[in-house]
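With the working numbering, you'll find the sequence shown wraps up at 183, consecutive numbering, no jumps. The beta carbon of each residue, even a glycine, is placed where N, CA and C say it ideally should be.
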Amino acid sequence: MASQSNPYPVGFYFELSFKGEDAAFQEVSGISKELSLEEVTSGGENRFKYRLPTVSSSKNLVLKRALIPEGSQLVDWCASSMDEGLANAIETHDVSVSLLDDEGRVSVMWTFFSAYPVKYSVSDLKSQENAIVMESMELAYTYFEITPDTSISDLFA
């Protein structure tokens, strides 16, 4: 009897691509969109308010992983963007997060356009705990698109 693969993707098998470099992360969060609403009253109608859509907004993309002592392109980008202040223009890049199936193929890809770092942090250092030091990067972006069944090589070619 042949084994059947799970038709539903699992959340632990993913990769992040930045400038063609794959970066391993323990956790990626903040993949969300929300449509804001404006409440408008109508003259003479006191039973309810009209709820009208306005603009779409997103949270920041948050990336967490074990601290990489030798750094990476991603960490260097964060440092240069935040350490130089606003004296120089902030360099934006597209960042993609791909959810993989059980054979390592891309099931769904989220591409975050014109992303730039807004926060970098390291977990607390505690002498009485034996925990791995984690680094966290937070990226703002203009918008994101969801692309099913694609490959990273096609996107960054």
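Given this structure, state the Cα-to-Cα distance separating T80 from S62, to the nearest angstrom. Here residue 80 refers to the residue found at position 54 when the sequence shown is read from its first residue. Here residue 62 refers to the residue found at position 36 when the sequence shown is read from its first residue. Taking the straight line from one Cα to the other gives about 5 Å.
With V148 and I172 assumed to form a contact (beta carbons below 8 Å), what rounded beta-carbon distance in angstroms separates them? As a working mapping, residue 148 is identified with position 122 in the sequence shown. As a working mapping, residue 172 is identified with position 146 in the sequence shown. Contact check for V148 and I172: beta-carbon distance about 31 Å, past the 8 Å limit, so the pair fails to qualify.
Straight-line gap, E41 to L126 (C-alpha atoms, nearest Å): If you number the sequence shown from 1, residue 41 lands on position 15. If you number the sequence shown from 1, residue 126 lands on position 100. About 8 Å.
Taking the alpha carbon of G111 as the reference point, which residue from R77, V144 and F170 has its own alpha carbon closest? The count along the sequence shown starts at 1 and reaches residue 111 at position 85. Minimum Cα distance to G111 is reached at V144.
Look at the alpha carbon of N72 and the alpha carbon of E65, and state the distance between them as a whole number of angstroms. Position 46 of the sequence shown, counting from 1, holds the residue named residue 72. Position 39 of the sequence shown, counting from 1, holds the residue named residue 65. Taking the Cα positions, N72 is about 13 Å away from E65.
Quick check: the Cα distance between Q52 and V88, rounded to an integer number of angstroms? In the sequence shown, counting from the first residue as 1, residue 52 sits at position 26. In the sequence shown, counting from the first residue as 1, residue 88 sits at position 62. Near 11 Å, if we compare the C-alpha coordinates of V88 and Q52.
Assuming E60 and S83 are in contact, meaning their beta carbons sit under 8 Å apart, how far apart are those beta carbons, in whole angstroms? Locating residue 60 in the sequence shown gives position 34, where the first residue counts as 1. Locating residue 83 in the sequence shown gives position 57, where the first residue counts as 1. Correct: roughly 5 Å between the Cβ atoms.
Alpha carbon to alpha carbon, how far is F38 from K90? Indexing the sequence shown from 1 puts residue 38 at position 12. Indexing the sequence shown from 1 puts residue 90 at position 64. When rounded, the distance between both Cα atoms is 13 Å.
Proximity test, Cβ basis, 9 Å: E155 and chain D: This model lacks chain D altogether, as it is built from one protein chain only.
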